[in-house]
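Numbering (full-length UniProt numbering), first residue to last: 1 to 188.
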């Protein structure tokens, strides 16, 4: 479906603009999930249409979804529905970052792309990185110690560094950035 032009019954309406960055390994699952959600939306009273803009050129694909409702009340009814709440619980499986939600009136959603929050200061990134990596290094050093105890010191670090890097990128840093979002992005 696409977002139709304003009509006499819905001259302005309201558009919910959703920006999602999807983990590359989850793109197909995310798109199947989104199709199911769009089918549910089609049954929602006051729903007018949907349009999805996809930017696959990024290392982490970005989806901007515009959901058009005839009124703010219709949007709030969707937000309060059990179907929407259920869909929201599934969404973190697919996303690589916080999802951005913004409401727009009329056609402004087509011209005003949601702004990304400013990046946190470097010192905050360092603190979050340290909080994430230190426990992982301790854990993997302990786990690999029986295997690497007779290795040269620089080689003994390789398994711990590799697995700490993997787990730091997923799930540790995404979880920490969600838990610490208010601290990292105080104005958002």
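Each residue gets a CB set at the ideal place from its N, CA and C atoms; glycine is no exception.
Asked	Found
Could you pull the DSSP bridge partners for residue 51 from this structure?	66
According to the neighbour-count rule (16 or more other Cβ atoms, all chains shown, within 10 Å of its Cβ), is residue 48 buried or exposed?	buried
I'd like to check one pair, residue 50 with residue 75: are the Cβ atoms closer than 8 Å?	no
Along the beta strand (DSSP E) that carries residue 14, what are the first and last residues, could you check?	14-21
Quick check: the Cα distance between residue 37 and residue 65, rounded to an integer number of angstroms?	12 Å
Per the DSSP calculation, residue 101 is bridged to which residue(s)?	18
Taking the alpha helix (DSSP H) that residue 185 belongs to, which residues open and close that run?	First-last for residue 185: undefined, no H or E at that position.
In terms of residue numbering, what span does the alpha helix (DSSP H) encompassing residue 93 cover?	Premise fails: residue 93 is in no alpha helix (DSSP H) and is neither H nor E.
Among 142, 165, 18 and 185, which residue has its Cα nearest to the Cα of residue 101?	18
Rounded to a whole number of angstroms, what is the C-alpha to C-alpha distance between residue 54 and residue 94?	15 Å
Reducing DSSP to helix, strand and coil, say where residue 180 ends up.	coil
Can you check which of these residues, 164, 45 and 168, is closest to residue 140 by C-alpha distance?	164
Between which two residues does the alpha helix (DSSP H) holding residue 128 run?	122-148
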